[in-house]
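Each residue of the sequence shown is one higher than the one before, counting from 12 in this note's numbering.
Beta carbons: idealized from backbone N, C-alpha and C, even for Gly.
Predicted, not measured: the structure shown is a model, and the values here were computed from it.
Below you'll find the structure, written out as structure tokens, and then a few comments.
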Amino acid sequence: MHPNRKPLIAANWKMNDPPVGCYTSDSPFRSLPGVDVWVFLPFIEWYGAHNAGLVYGAQCGRPEPQGAFTGDISMLMLKHQHFHAVLCGHSDRRHFHQESDAFIAEQATAALEVGLIPIVCIGETEAEHDAGKTTDVLKRQLKPVIDVLTAHHSLPTTHFILAYEPVWAISRGDPNKPAATAKDAQDIHARIRSLLPKDRQATTRILYGGSMKGSNAAELLAQPDIDGGLVGGASLKLEDFRKIVEAAESR
Ligand code: PGA
Numbered sequence: 012m013h014p015n016r017k018p019l020i021a022a023n024w025k026m027n028d029p030p031v032g033c034y035t036s037d038s039p040f041r042s043l044p045g046v047d048v049w050v051f052l053p054f055i056e057w058y059g060a061h062n063a064g065l066v067y068g069a070q071c072g073r074p075e076p077q078g079a080f081t082g083d084i085s086m087l088m089l090k091h092q093h094f095h096a097v098l099c100g101h102s103d104r105r106h107f108h109q110e111s112d113a114f115i116a117e118q119a120t121a122a123l124e125v126g127l128i129p130i131v132c133i134g135e136t137e138a139e140h141d142a143g144k145t146t147d148v149l150k151r152q153l154k155p156v157i158d159v160l161t162a163h164h165s166l167p168t169t170h171f172i173l174a175y176e177p178v179w180a181i182s183r184g185d186p187n188k189p190a191a192t193a194k195d196a197q198d199i200h201a202r203i204r205s206l207l208p209k210d211r212q213a214t215t216r217i218l219y220g221g222s223m224k225g226s227n228a229a230e231l232l233a234q235p236d237i238d239g240g241l242v243g244g245a246s247l248k249l250e251d252f253r254k255i256v257e258a259a260e261s262r
């Protein structure tokens, strides 16, 4: 595996309080020598994460640097508060905020231009999956993102990350929701990799998200094209999250 593809476990706390113990010295939200660990937190938590020395990112960001966008925060403002990365196009944002593929690409561009690492999230819904449209959906979602990468062709590959999150596997609070099987996830990751510009295929990190937990992380992370996880529900349970990080470390 290419050395640029160091495993990354990204916690997505969504609109939840941070788990008790997350800012302690033995918190599982700290990077290890062999694993990057980043926390995508509600904006108001940034100060706690900053003081604790965690690497943190935002769950969304607005492309314009400032202006009349009530309730939003810009990529530039995030950069000023030492955010390291930003999720672009999480399925919650696509669904609840009607974010389009084009707008998500604008966010990724703005993030890159201020020096934030975008993690662009893609993935098909249950209806699209059942109708056999997964590849078409992924191609459609990737197209404007590939245009961004082409426009930033000198960008180091470590500065851009993808997350494949099949919407039908996202737990949304249901701890019994099954993840994609490791084989299916691997097949899709390999397909996504093959759709990237040739010079980025071997080096771009692609995370899997959707009901990753302590009990299935090792199998998912053992797949050659899965470079880490974007973890929602299990990132709110300290010890379950620790197991995921340990699985990434020993892969
Ligand atoms: P989940 O969420 O791990 O709870 O399925 C993942 C995500 O929505 O990013």
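| Check | Outcome |
| --- | --- |
| Exposed unless 16 or more other CB atoms sit within 10 angstroms - verdict on D103 | buried |
| Distance cut-off 7 Å: V242 Cβ against heavy atoms of the ligand FAD | The ligand FAD is absent from the structure shown, which contains only the ligand PGA. |
| Closer than 7 Å: N23 CB and nearest the ligand PGA heavy atom | yes |
| C-alpha gap between L65 and N227, whole angstroms | 25 Å |
| DSSP-derived helix/strand/coil call for W49 | strand |
| Residue interval of the beta strand (DSSP E) (run including P76) | Careful: P76 lies outside any beta strand (DSSP E) and carries neither H nor E. |
| Local Cβ density within 10 Å of Q152, reported as buried at 16 or more and exposed below that | buried |
| Closer than 7 Å: H200 CB and nearest the ligand PGA heavy atom | no |
| Closer than 8 Å to chain C by CB, H95 | Of the chains in the structure shown, none is chain C; there is only one protein chain. |
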